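In this note's numbering, the protein residues as written are 22 to 506.
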């Protein structure tokens, strides 16, 4: 039996694993990543298409030698550029590349899917969502927090509806561009556009100047100052360290208020609620939402050993994870924040009903093996369909191959990082039909941080220091899943 080696039949190549079976799907051999055909009649044929190949809803590019491109840009001609991520999938939407910068790749279906959109490509012709995404990338790469960016974008939407060629009013006070520059600020902007050889209607030129103005000639506007025409608290409003503080804000409402009151300075604040609403929409759209599910609670303690409830440990770890994620700029919702009963179905319902472009479900548990006190280690699960357990509220998505593949990736990232952070035994990633995995529409995993039936492991699980290690592993796994580290 062939094992752990390549075999060839003419020009067709296969790799035989430890069990003697041919690899299928995306697999690592040595230092290279490969795609092996999953169609039954191909029995794991190495793909050497030198073209895009779709597998479980994701696109890969195997070269003529069968290696998948990853962690690199690839181009077809002088202008069309794509990026292959660490897992070899073609990037779409906002992503972080190996150069530690963020980019935006077209998410629309069709021929331009995955094409990296440059600031210079979006003048007047692209949908607003593309302009928003590229603006988000622009300010992210310049050190602005998600909340501060949302505040800027909420004001742009109110001022110009994202029309960079718009003019309003007339005469000397006529406002132009994304933020409606007027009076002397309009003159200075027009002079800048002329100095860089661009028309004032150029989108990139407007973002460049906005950043230059905010951090240069108009940075004073972000510091506290008196505005008698505004009601309290806006009649004296601003940040002690001005633009430096603004860039670090984690409250998109305050960011919107500061940008409106201090930077835009409209005649009245009648439009402020609308600006905040726009900022909220953008913040919700661009920031991933993590739904944390501390297992059990209330009358359901879960495992119970030595007077210790599993539900208590689960909640303690979840709260650590939540705070860490919030500090990193994510949005977080929890199924419970205290010791109360929440049904399994309600946990998934809560997650499913939250409006978010990107979200994941992470259920935090700890384990028990009543028949053996020596069993120990960490394991993580994602969904497996069992016909005898049909979904109640997730008939459409429960067995969706893309959801399952994303769940697998999330499970492996979190499992690996928990093991690295704790040094615990790696029991691996498994599949099961647990209700929260079955009924949640988004990628979902359930982790078991350790065995409460093992006295040694339990003595660790009850300590804040070990819970911190588990939390660090969960957070790092989530960061890696979203490509942020």
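Cβ coordinates follow ideal geometry from the N, Cα and C atoms, glycine included.
Nothing here was measured: the structure is a model prediction, and the numbers come from that model.
Out of 372, 309, 223, 99, point me to the one whose CA is closest to residue 458's CA.
-> If you number the chain shown from 1, residue 458 lands on position 437. Looking at the Cα atoms, 372 is the closest of the given residues.
Identify whether residue 171 lies in helix, strand or coil by the three-state DSSP scheme.
-> Counting from one through the chain shown, the residue named residue 171 turns up at place 150. In the structure shown, residue 171 sits in a helix (DSSP, three-state: H, G or I).
When you compare only the Cα positions, how much space is there between residue 40 and residue 26?
-> For the purposes of this step, residue 40 is identified with residue 19 of the chain shown, where counting begins at 1. For the purposes of this step, residue 26 is identified with residue 5 of the chain shown, where counting begins at 1. Cα to Cα, residue 40 sits roughly 11 Å from residue 26.
Whole beta strand (DSSP E) elements within the region 357 to 389, 3-residue minimum | Within the region 357 to 389, the complete beta strand (DSSP E) segments at least 3 residues long are 380 to 388, listed from N- to C-terminus.
Pick from 267, 176, 78, 200 that is closest to residue 163, judged by C-alpha positions = The residue given as residue 163 occupies position 142 in the chain shown. Residue 267 is the option with its Cα nearest to residue 163.
Alpha carbon of residue 29 to alpha carbon of residue 85, nearest angstrom | As a working note, residue 29 is residue 8 in the chain shown. As a working note, residue 85 is residue 64 in the chain shown. Cα-Cα distance, rounded: 15 Å.
Per DSSP, what kind of secondary structure is residue 264 in: helix, strand or coil?
-> Residue mapping note: residue 264 aligns to position 243 of the chain shown, counting from 1. In the structure shown, residue 264 adopts helical secondary structure according to DSSP, grouped into three states.
CB of residue 166 within 7 Å of CB of residue 269, strictly | Locating residue 166 in the chain shown gives position 145, counting from the first residue. Locating residue 269 in the chain shown gives position 248, counting from the first residue. Yes, the pair counts as a contact, with Cβ atoms nearer than the cut-off.
Classification of residue 298 by the beta-carbon crowding that lies within 10 angstroms, buried from 16 upward | Position 277 of the chain shown holds residue 298. With fewer than 16 Cβ atoms within 10 Å of its Cβ, residue 298 is classed as exposed.
Counting along the chain, where does the beta strand (DSSP E) carrying residue 345 start and finish?
-> One-based indexing of the chain shown puts residue 345 at position 324. Per DSSP, residue 345 lies in no beta strand (DSSP E) segment; the continuous alpha helix (DSSP H) that holds it begins and ends at 331 to 348.
Give the secondary structure of residue 254 by DSSP, where H, G and I count as helix, E and B as strand, and everything else as coil.
-> Within the chain shown, the letter at position 233 stands for residue 254. In the structure shown, residue 254 adopts coil according to DSSP, grouped into three states.
Return the chain-ordered list of same chain residues with a C-beta closer than 6 Å to the C-beta of residue 71, the five sequence neighbours on each side being excluded.
-> Locating residue 71 in the chain shown gives position 50, where the first residue counts as 1. The beta carbon of residue 71 sits closer than 6 Å to the beta carbons of 84, 85 from its chain, once the five residues preceding and following it are set aside; these are given in chain order.
How is residue 447 classed by DSSP in three states: helix, strand or coil?
-> One-based indexing of the chain shown puts residue 447 at position 426. Residue 447: strand per DSSP, three-state reduction.
Which whole-angstrom value is the C-beta distance of residue 311 and residue 499, which I expect to be below 8 Å?
-> As a working mapping, residue 311 is identified with position 290 in the chain shown. As a working mapping, residue 499 is identified with position 478 in the chain shown. Rounded to whole angstroms, the Cβ separation of residue 311 and residue 499 is 6 Å, and the two are in contact under 8 Å.
Hey, quick one: how far does the alpha helix (DSSP H) through residue 224 stretch, first residue to last?
-> The residue you call residue 224 lines up with position 203 of the chain shown. Where residue 224 is concerned, the enclosing alpha helix (DSSP H) stretches over 224 to 236.
Reduced DSSP secondary structure (H/G/I, E/B, other) of residue 440 | Taking the first residue of the chain shown as position 1, residue 440 is located at position 419. Three-state result, residue 440: helix.
Which of helix, strand or coil does DSSP assign to residue 35?
-> What you label residue 35 is simply residue 14 of the chain shown in a count that begins at 1. In this structure, residue 35 counts as strand in the three-state DSSP scheme.
Under three-state DSSP, which class holds residue 419?
-> In the chain shown, counting from the first residue as 1, residue 419 sits at position 398. Here residue 419 sits in coil by DSSP.
In angstroms, rounded to a whole number, what distance separates the CA positions of residue 346 and residue 436?
-> The sequence position of residue 346 within the chain shown is 325, counting from 1. The sequence position of residue 436 within the chain shown is 415, counting from 1. Cα to Cα, the separation comes out at about 17 Å.
How many whole angstroms separate the CB atoms of residue 466 and residue 402, which I take to be in contact at a CB cut-off of 8 Å?
-> Position 445 of the chain shown, counting from 1, holds the residue named residue 466. Position 381 of the chain shown, counting from 1, holds the residue named residue 402. The distance from the Cβ of residue 466 to that of residue 402 is about 7 Å, consistent with a contact at the 8 Å cut-off.
Would you mind sorting residue 126 into buried or exposed? The rule is 16 or more other CB atoms within 10 Å of its CB.
-> For the purposes of this step, residue 126 is taken as the residue at position 105 of the chain shown. Buried: at least 16 other Cβ atoms inside 10 Å.
Is it the case that the Cβ atoms of residue 381 and residue 431 are separated by a distance below 7 Å?
-> Sequence index remark: in the chain shown, residue 381 carries index 360 (1-based). Sequence index remark: in the chain shown, residue 431 carries index 410 (1-based). If you check the CB distance, residue 381 and residue 431 come in under 7 Å.
Classify residue 416 as buried or exposed, calling it buried when 16 or more other Cβ atoms lie within 10 Å of its own Cβ.
-> Counted from its first residue, the chain shown places residue 416 at position 395. Result: exposed.
Member of 366, 379, 326 whose CA lies at the smallest distance from the CA of residue 475 | Position 454 of the chain shown holds residue 475. Taking only the C-alpha atoms, the option nearest residue 475 is 326.
Considering only residues of the same chain and omitting the five flanking positions on each side of residue 66, which have a CB-CB separation below 7 Å?
-> Translated into the one-based positions of the chain shown, residue 66 becomes position 45. 33, 35, 57, 58, listed in sequence order.
Among 420, 305, 115, which has the Cα closest to the Cα of residue 378?
-> By one-based count along the chain shown, residue 378 stands at place 357. The candidate whose alpha carbon is nearest that of residue 378 is 305.
Per DSSP, residue 94 is paired with what?
-> Locating residue 94 in the chain shown gives position 73, where the first residue counts as 1. In the DSSP secondary-structure assignment, residue 94 is bridged to 104.
Mind reading off the beta-carbon distance from residue 286 to residue 179? Whole number of angstroms is fine, and I expect it under 8 Å.
-> For this step, residue 286 is matched to residue 265 along the chain shown. For this step, residue 179 is matched to residue 158 along the chain shown. Rounded to whole angstroms, the Cβ separation of residue 286 and residue 179 is 13 Å, and the two are not in contact under 8 Å.
Where residue 172 falls, given that 16 or more other Cβ within 10 Å makes a residue buried | Here residue 172 refers to the residue found at position 151 when the chain shown is read from its first residue. Under this definition residue 172 is a buried residue.
Take the Cβ of residue 296 as the centre, count every other Cβ of all protein chains shown within 10 Å, and call the residue buried at 16 or more, exposed below.
-> Start at 1 with the first residue of the chain shown, and residue 296 comes out as number 275. Residue 296 counts as buried, since no fewer than 16 other beta carbons sit within 10 angstroms of its beta carbon.
For residue 284, which of 317, 240, 300 has the nearest alpha-carbon?
-> For the purposes of this step, residue 284 is taken as the residue at position 263 of the chain shown. Minimum Cα-Cα distance from residue 284 among the listed residues 317, 240, 300 corresponds to 240.
Could you give the DSSP three-state label for residue 476: helix, strand or coil?
-> Counting from 1 along the chain shown, the entry for residue 476 is found at position 455. Residue state for residue 476 is assigned as helix, using DSSP reduced to three classes.
Take the Cβ of residue 471 as the centre, count every other Cβ of all protein chains shown within 10 Å, and call the residue buried at 16 or more, exposed below.
-> The residue given as residue 471 occupies position 450 in the chain shown. Only buried fits residue 471, as 16 or more other CB atoms lie within 10 angstroms of its CB.
Helix, strand or coil for residue 274, going by three-state DSSP, please let me know.
-> Walking along the chain shown from the start, residue 274 turns up at place 253. Three-state DSSP puts residue 274 in a helix.
If we ignore side chains and look at the alpha-carbon of each, how far apart do residue 177 and residue 100 end up?
-> Along the chain shown, read from residue 1 onward, the residue named residue 177 stands at position 156. Along the chain shown, read from residue 1 onward, the residue named residue 100 stands at position 79. Rounded to the nearest angstrom, the two C-alpha atoms are 29 Å apart.
Report the residue from 90, 75, 79 whose alpha carbon sits nearest the alpha carbon of residue 49.
-> For the purposes of this step, residue 49 is taken as residue 28 along the chain shown, with counting starting at 1. Taking only the C-alpha atoms, the option nearest residue 49 is 90.
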